[in-house]
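Following: one structure in structure tokens, then a few remarks.
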Amino acid sequence: MLLEVKNLHVEVEGKKILNGLTLTVEKGQVAAIMGPNGSGKSTLAYVLAGKDNYNVTEGEILLNGESILEMAPDERAAKGVFLAFQYPVEVPGVATMTFLRTALNAQRKTRGEPEFSTPDFIKRVRETSARLGVSQEHLRRAVNVGFSGGEKKRNEILQMAILEPVLAVLDETDSGLDIDALKIVAEGVNRLRAPDRSMIVITHYQRLLEFIVPDVVHVLAKGRVVKSGGKELALELEASGYAQFTDEAA
Amino acid sequence: MPAVQETVDRVRQIDVDQYKYGFVTDIESEKASIGLSEDTVRYISAKKNEPAWMLEWRLAAFKRWLTMREPTWARVDYPKIDYQDAYYYSAPKKKPELSSLDEVDPQILETYKKLGIPLREQEMLAGVVRRDEDGNVLAERRVAVDAVFDSVSVATTFKEELKRAGVIFLPMSEAIQQHPELVRKYLGSVVPVTDNFFATLNSAVFSDGSFVYVPPGVRCPMELSTYFRINEANTGQFERTLIIADKGAYVSYLEGCTAPMRDENQLHAAVVELVTHDDAEIKYSTVQNWYPGDADGKGGIFNFVTKRGDCRGARSKISWTQVETGSAITWKYPSCILRGDNSRGEFYSIAISNGRQQVDSGTKMIHLGKNTTSRIISKGIAAGKSDNTYRGLVTAHRKATGARNFTNCDSLLIGDQCGAHTVPYIEAKNSSSVFEHEASTSKISEDMLFYCRQRGMSAEEATALVVNGFVRDVLQQLPMEFAVEAQKLISISLEGSVG
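So the sequences go chain by chain: A and B. Numbering-wise, the working numbering puts 87 at position 87 of the first sequence, and it's gapless, one number per residue. Just remember that the working numbering sits 250 ahead of the position in the second sequence, which is counted from 1.
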């Protein structure tokens, strides 16, 4: 088991958002998390990544059997946790290339691995970006500054490809994308599916799951998982909506 | 705001003991007796074996200084300086004549080694190959160094090659001996003896500094560099630098400063004068990391500097680039007098303050000639309990028709106990001038730090990256080896993570 989330209770600014959430993700599995607005989907993403102000009051998160609750965000990143942000942040003046290299080498340093030499790194980025259809010009631009919605999301996928996480959490990667951009991003994600890489795909809509087909679907409502099933569960939800779960949980 | 808080904590932890250059070199030195009087001025002049005109010049300055008052308009607060409780001249005792670097006191060379100055010519000739991000080999650069150890220039490298090009690059004291006509013509012609309290003091007691003259049409074959270092306790350092680019000449000059830790505040009052004739250009870059004082504001350098360039000729250009990370007090306004028609002045600045540092810095662009242009890019970064003020003057005189200025001042705050202030003065005395002023103040956002940390960077690395992004426009103006140094320095001064 790659990820075990056990009876997780989380408060944000005194407000309880997750209420005993339990979830497991197997190695290599792609798990979709669906749910209505306010069900705690993004909170789950942030808690996994270790964002400040998300207070875990009860429960446990184990990555490969090891608790990560006390780890700083960068330590978790070095353990292979990656979060593709719903709203990627702009970092003015920092070229995407520089950002990637700083991030990758920081992770390697934390893991006690040697840093990449500049030529090796450049080779790696060039190959990966070519595969994802990211231009050289894009690599020279400041991180996410002036990027379109599609470019920002593609930039997240590029970072994921370079950093090679064991657990990738994609938070509403489909939001703000038109169908063409969505297809490109989904294709990028699909290329990164691997036996030793698990993914949690968080989405409100079933649409994304047509392109990134999950192994399992979990439905989140009022801060806990209320139903789990195969990929067909997404289609059921599309037909019946979330109301049944919000009523049930209430 | 825990993420920000953490950064602030980290920054706060920067202990003064981590000041990398805080070591004292134990060398016997020769000092003037304590205090400042006409005798002190005569002593310094005699030590330098100066001609009578130079002594007269100094004495006139000293008389004038006695009638002047210390300026108080800057946004800095410091204990009253006792000008009688300092040494005004200190020189390492050495063999009288040095014919090569080998004769320089090994301890001094060791000090420079610690500072990372490539003093030895062979090292410089070996030239480290640097690559940019795309793996391309950057042009190897060579730098001629005039090292000022306390008050005396210890060794000057690359003299021969410069001589062949006709470039004069000498310690000021030697220039006074060897080229009195040039020194007399230009010294004090940009910053008059009576200019201001600190400049006048400097005029009376300046001990050494650099002199550069680039003859007409010559492009200086290498970058020129001076490293200043204050070693002796309680000595003020009063360098005097004078750079002249004659018609169509070009020179790039780098100045770097460090000082060991001292409990007492040390006074530093330099004067730098630049002159460009028709079509000439001077690029002057400074990296200043004097000792900033400890976390409680004890000790540190008081830096009161007058730097001014005179674009005397048509189409001439002066560009100041500064990276200011040290000093307890910084009072510094590198300026341009745009006298020649179509001349251009530039000021690029990064000023970082931390702990209890106080920075009041900026520039003056004085448009006198027609169609003169100027550009100001200032990036202030305040952390800890520091105060960081940009103070700038842009003025166009009646006859300066078609003058243009663009000013951009950005401030970045780290934590909530520091301050950033912008004080622009803008005066246009004719109707055809166009002045633009942009300013912004921002805080390093928690979201930005979290984004970086999620990708694996520590809080320090994330802060350094964001800050480096913030100052990028200015870093790009620095010569390559300085930019690399400056980038490191920014990390050191903000994170305390050396290396």
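Backbone N, C-alpha and C fix where the C-beta goes; we use that ideal spot for every residue, glycine too.
Is there a C-beta anywhere in chain B that falls below 7 Å from the one on residue i?
i              : result
G65 (chain A)  : no
Q86 (chain A)  : no
V94 (chain A)  : yes
L21 (chain A)  : no
A130 (chain A) : no
V125 (chain A) : no
V47 (chain A)  : no
Q107 (chain A) : yes
A78 (chain A)  : yes
V56 (chain A)  : no
D215 (chain A) : no
Q29 (chain A)  : no
P239 (chain A) : It is Ala, not Pro, that sits at residue 239 (chain A) in the sequence shown. It does not: the Cβ of A239 (chain A) has no partner Cβ on chain B nearer than 7 Å.
Between residue i and chain A, is the shortest Cβ-Cβ distance under 7 Å, so that the two count as touching?
i              : result
E531 (chain B) : no
E711 (chain B) : yes
L715 (chain B) : yes
M730 (chain B) : no
G630 (chain B) : no
Y598 (chain B) : no
Y333 (chain B) : no
Whose C-beta lies closer than 8 Å to the C-beta of residue i among residues of the same chain, with five residues either side of it excluded?
i              : result
S42 (chain A)  : Q86, D171, E172 and I202
D591 (chain B) : A564, R565, G619, K620, N621 and T622
A736 (chain B) : V537, V573, I600, L725 and L728
F720 (chain B) : K629, I631, D660 and L662
If I follow the unbroken beta strand (DSSP E) through residue i, where does it start and stop?
i              : result
C561 (chain B) : G550 to C561
G630 (chain B) : T623 to A632
K16 (chain A)  : K15 to V25
M34 (chain A)  : V30 to M34
E531 (chain B) : E531 to N539
T645 (chain B) : D637 to A646
D610 (chain B) : Q608 to H617
W581 (chain B) : I579 to K582
Y598 (chain B) : R594 to S603
G253 (chain A) : The question about residue 253 (chain A) has no answer here: the residues shown for chain A are numbered 1 through 250.
K620 (chain B) : Premise fails: K620 (chain B) is in no beta strand (DSSP E) and is neither H nor E.
L663 (chain B) : R654 to L663
D335 (chain B) : First-last for D335 (chain B): undefined, no H or E at that position.
Which class does residue i belong to by DSSP, given the choice of helix, strand or coil?
i              : result
V525 (chain B) : strand
H204 (chain A) : coil
I157 (chain A) : helix
S682 (chain B) : coil
L62 (chain A)  : strand
P73 (chain A)  : helix
E431 (chain B) : helix
A324 (chain B) : coil
S401 (chain B) : Unreliable placement is indicated for S401 (chain B), whose pLDDT of 48 sits below 50; the coordinate value is still reported in the next sentence. It is coil, neither helix nor strand.
V724 (chain B) : helix
S287 (chain B) : coil
M199 (chain A) : strand
L437 (chain B) : coil
Who are the Cβ neighbours of residue i in its own chain at under 6 Å, not counting the five residues just before and after it?
i              : result
T571 (chain B) : S535, Y598, Q727 and L728
I61 (chain A)  : V5, I68 and L69
L420 (chain B) : F461
L348 (chain B) : Only weak support is given to the placement of L348 (chain B): the predicted model assigns it a pLDDT of 46, under 50, and the question is left unresolved by the model.
Quick check on the DSSP output: the alpha helix (DSSP H) that includes residue i runs from which residue to which?
i              : result
H218 (chain A) : Counting along the chain, H218 (chain A) falls outside any alpha helix (DSSP H), though it belongs to the beta strand (DSSP E) covering V216 to A221.
F461 (chain B) : Per DSSP, F461 (chain B) belongs to no alpha helix (DSSP H); it is in the beta strand (DSSP E), S460 to V464.
P119 (chain A) : T118 to L132
Q704 (chain B) : E696 to Q704
G146 (chain A) : No alpha helix (DSSP H) contains G146 (chain A), which DSSP labels as neither H nor E.
F99 (chain A)  : T96 to T110
Could you check whether the Cβ of residue i sits closer than 6 Å to any heavy atom belonging to the ligand ZN?
i              : result
F685 (chain B) : Questions concerning the ligand ZN fall outside what the structure shown contains, since it holds no ligand whatsoever.
If I measure Cβ to Cβ from residue i and keep anything under 7 Å in the same chain, skipping five residues before and after, which residues do I get?
i              : result
R562 (chain B) : V525, T526, H527, R589 and G590
F211 (chain A) : L182, K183 and A186
L437 (chain B) : L492
F99 (chain A)  : V91 and V143
S295 (chain B) : M304, L305 and R308
H687 (chain B) : T657, P674 and I676
The region 55-71 of chain A touching the region 147-160 of chain A, judged by at least three CB pairs closer than 8 Å: no
Taking three-plus beta-carbon pairs below 8 Å as touching, is the region 494-504 of chain B in contact with the region 311-331 of chain B? Short answer: they don't touch.
Do the region 12-30 of chain A and the region 220-238 of chain A meet, that is, are 3 or more Cβ pairs less than 8 Å apart? yes
Would you check if there are 3 or more beta carbon pairs closer than 8 Å linking the region 628-637 of chain B to the region 658-676 of chain B? Flag = yes, the region 628-637 of chain B and the region 658-676 of chain B touch.
For the pair the region 433-453 of chain B and the region 411-420 of chain B, tell me if three or more CB-CB distances fall below 8 Å. With a cut-off of 8 Å, the region 411-420 of chain B and the region 433-453 of chain B do not count as touching, because too few Cβ pairs lie within range.
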